[in-house]
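What follows is a set of notes on a single structure, which appears directly below.
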Amino acid sequence: MPAPAPISPVQAEALRTRTLPPLEEVRHGVWSLSSTVGDRVEGHSFSYLIEGSDGSLALIDPGWAGPDAVPRLEAALRSVDHELSDLTLVVVTHLHLDHLGAADDVRRASGARVAMHALEAAALDRRAADGAAADADVARWGAPRELTEALVASWGSGRALPAVTPDLLLADGDELPVAGRRLRVVHTPGHTAGHLCVVEPEQRLVFTGDHVLPTINPGIGLGGRTASNPLDDHLASLRAMVPLDRPGADALEVCPGHEYRFVGLAERAEALVAHRADRTLDAVTALDALHAGGAGAASPTVFEVAEHMTGWRGGLRSMTGFVLASALAQTEWHLRSAGRGDELATG
Ligand SMILES: [Zn+2]
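Under the working numbering, the residues of the sequence shown are numbered 335 to 681, in order.
This is the structure in structure tokens:
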């Protein structure tokens with residue numbers, strides 16, 4: 335299925351020229367801003383400013399932290415006749431640094447409250463314990479020894495997550511405190527356990543963070559450990575998008591955390607579900623091939639199964655660190671989701 339087309343000429347041009355899209359008015363009183371992710375211009379992330387009827391502002395995803403984060407925000411605010419003190423709310427879709435990173439700096443500069451889903455706050459609180467448990471996962475995956483140090487550094491106890499304490503905890507169905515607007519929180523676990531989207535039904539807008547992006551297939555389980563299978567959560571969260579959308583002129587406009595705005599939420603969510611079905615089939619086929627190959631009675635490791643999967647872009651052997659860790663974790667979640675997790679080596 336082809337990726338949805340960008341609907342903003344400004345964002346389409348930025349995509350073509352590989353530049354940062356400038357501030358843009360999405361609706362009356364709603365603007366998108368872009369910022370670099372680390373040192374990269376490609377792969378920028380979006381923040382969204384939403385004006386309340388009392389002139390106050392909410393900011394969805396402050397973006398990457400850095401010395402220029404607050405000055406850039408201040409300049410953007412000035413260009414739409416606002417100032418930092420108008421910001422009263424910073425909403426974080428999820429705990430990743432390209433979304434949450436500047437939250438503390440923006441709070442300090444503006445006095446705004448920082449809001450996130452309660453599970454995201456809990457994951458930030460738990461990050462040390464989760465890191466230690468993730469080290470045990472890495473050991474169990476059975477990757478070659480020369481790769482495990484980078485896996486631990488990026489996925490396990492070496493992984494750095496920010497220490498941001500929210501002022502306001504959010505749950506599914508909550509309305510954001512923005513005067514004169516109905517901005518509804520939709521809990522969309524999968525990418526991280528406390529990922530949230532925000533829907534504004536009147537304006538037909540949905541702010542999707544990294545839950546639904548136009549061309550990127552979002553990773554799963556990237557926000558600390560969970561009792562449930564992040565793949566199952568992700569699929570349920572994608573299916574929950576479909577009834578929000580409507581055909582034709584009433585379709586939701588998707589304001590994602592990266593890439594570009596588009597229309598076609600339901601179709602894109604369904605394409606992502608189909609992508610995951612392909613990945614599950616790939617993992618199950620690899621496991622079957624290992625059994626059939628007479629690998630013996632021994633249960634294969636996650637790494638052995640992942641090596642036999644064919645769908646990795648660039649091949650599994652090209653991966654290291656966080657990318658490899660994510661691939662291995664996904665392999666296990668796909669097998670568990672298919673009821674085949676018990677056939678894996680346990681240590
Ligand atoms: Zn992101």
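All C-beta atoms in this analysis are idealised placements derived from N, C-alpha and C, irrespective of residue type, glycine included.
Cβ pair count under 8 Å reaching 3, the region 476-488 against the region 634-653: yes
For Pro590, three-class secondary structure by DSSP: strand
Exposed unless 16 or more other CB atoms sit within 10 angstroms - verdict on Val639: So Val639 ends up on the buried side.
Residues that DSSP places opposite Glu385 in a beta bridge: Leu391
Cβ-heavy atom distance, His430 to ligand 1, below 7 Å: yes
Gly591: CB within 7 Å of a non-hydrogen atom of ligand 1: yes
Reference Val540, options Ala570, Met575, Thr526, Thr560, closest by Cα: Met575
His545: CB within 7 Å of a non-hydrogen atom of ligand 1: no
Contacting residues, own chain, Cβ-Cβ under 6 Å from Pro355 (five flanking each side not counted): Val344, Gln345, Ala348, Ser368
Burial state of Ala617, where buried means 16 or more other Cβ atoms lie within 10 Å: buried
Pick from His668, Arg460, Arg602 that is closest to Ala497, judged by C-alpha positions: Cα-wise, what sits closest to Ala497 is Arg460.
Selected residue, minimal CA-CA separation from Val588, among Arg361, Val472, Leu418, Ser444: Arg361
Close beta carbons around His668, own chain, < 8 Å, minus the five adjacent residues each side: These residues qualify, in order along the chain: Leu565, Arg610, Arg613, Thr614, Asp616, Ala617, Val618.
Bounding residues of the alpha helix (DSSP H) (the contiguous stretch that carries Val607): 599-626
Three or more C-beta pairs below 8 Å linking the region 432-439 and the region 481-493: no
Start-to-end residues for the beta strand (DSSP E) that takes in Ser369: 364-371
Helix, strand or coil at Ser491 [DSSP, three-state]: coil
Ranges of the alpha helix (DSSP H) found wholly within the region 516-578, counting only runs of at least 4: 564-573
Nonlocal neighbours in the same chain, by C-beta distance under 6 Å from His568, ignoring five residues either side: By the criterion of a C-beta distance shorter than 6 Å, His568 is surrounded in its chain by Gly524, Ile554, once the five residues flanking it on both sides are discounted.
Bridge partner(s) assigned by DSSP for Glu509: Arg518
Glu677 - containing alpha helix (DSSP H), residue span: From DSSP, Glu677 is part of no alpha helix (DSSP H); its letter is neither H nor E.
Nearest residue (CA-CA) to Ala452, options Gly507, Arg670, Ala663: Gly507
Ser379 Cβ short of 7 Å to ligand 1 heavy atom set: yes
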